[in-house]
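If you're matching positions, the sequence shown starts at 31 in the working numbering and goes up one per residue.
For every residue, glycine included, the Cβ atom is placed at its ideal position computed from N, Cα and C.
For clarity, every value in this text was computed on a predicted model and none was experimentally measured.
Here is the structure we will look at, set down as structure tokens.
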Amino acid sequence: MKYLYIALILLLLTLLTGSNPKEFNYLPAHVNDHQLVSYTQFTLSYNEQHEQADWVAYELTRAEVIMKLKRCNCFKSDKNITTGSASTSDYKYSGYDRGHLSPAADNNMSKIANKESFLMSNISPQLPNFNRSIWKILEGWTRERASIYGSIYIVTGPVFDDNMGTIGKNNVTVPGYYYKAILRSHTSTHYSIAFLIPQLYQSKNIIDYILTIDSLEIITGIDFFPALENLIENKIEAQSNIENWTL
């Protein structure tokens, strides 16, 4: 109950500080005929060929960051994927972590939301040294930005280039890279930033992996934040100014 009161107070503060309204459509453009599935705190596009999401998109608010729940560690197949999702057995003895795309710590508004983050549609095979180091650092950084600014929009996923083979009976692709595209707004001003990190990374400094969303779109083939007006979209997606994000 204590966390509920805190969340309500922070949600009110978020609204008062000028963050975007909930009805903003932050979803990327539809990827081919890939299935879209919406959950409590995120939406994903499922790539059957690679048995994981093309992208997972969600708004992360200050109120959501403050909420703390015990991790359920309840990984399971996603029955909502009509073609069938990857399974936990695909990862057994593979040497790869079951890496979250939308982190469990970003899905703590309810026990249901936390459990949904452990569905295998939201999971991708990550090297332990990647998942528990540079990727964890970037996830923590995004939560800090949500706390600072009140609300940010995140799209995250794998890049199927320089892949590292497959695992399991379902042939789950081990991606060569992972990305995050991030947008924030204050009144009529918009800021964006993107990161692209190889699994076999060299630096632990996330600044070394910054690029523009324009560049990320070319690499991934995904149109991020298409609901923005064209002039605004073109302007903000060319940004890579770290000073706008208090790095």
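As summarised for the region 63-123, the continuous alpha helix (DSSP H) elements at least 4 residues long and confined to that stretch are 92-96, given in chain order. Positions of the alpha helix (DSSP H) runs, each at least 4 residues long and wholly inside the region 129-192, are given as 141-146, 165-179 in order along the chain.
For K122 and G198, the gap between their C-alpha atoms comes out near 8 Å. Here the alpha carbon of A135 sits roughly 19 Å from the alpha carbon of L213.
Judged by their CB atoms, P205 and S124 are not nearer to each other than the 8 Å cut-off. Scanning K141, T186, S68, T112 for the CA closest to the CA of N103 turns up K141. Here R101 is exposed, its C-beta having fewer than 16 other C-beta atoms within 10 Å.
Excluding sequence positions up to five before and after A257, its CB lies within less than 8 Å of the CB of F54, N55, Y56, L57, all in the same chain and listed in chain order. Scanning K98, M150, T112, L99 for the CA closest to the CA of S119 turns up M150.
Contact between V86 and G187 holds, with the beta-carbon distance rounding to 6 Å and staying under 8 Å. Non-local C-beta neighbours of H80 in its own chain, meaning closer than 8 Å and more than five positions away in sequence, comprise P188, F190, V202, T203, P205, ordered along the chain. For L226, the three-state secondary structure derived from DSSP is strand.
Here H60 is exposed, its C-beta having fewer than 16 other C-beta atoms within 10 Å.
I252 carries a coil assignment under DSSP once its states are collapsed to helix, strand and coil.
Setting aside the 5 residues that flank it on each side, W165 is surrounded in the same chain by G129, Q156, Y208, I227, each with a C-beta closer than 8 Å to its C-beta; the list follows chain order.
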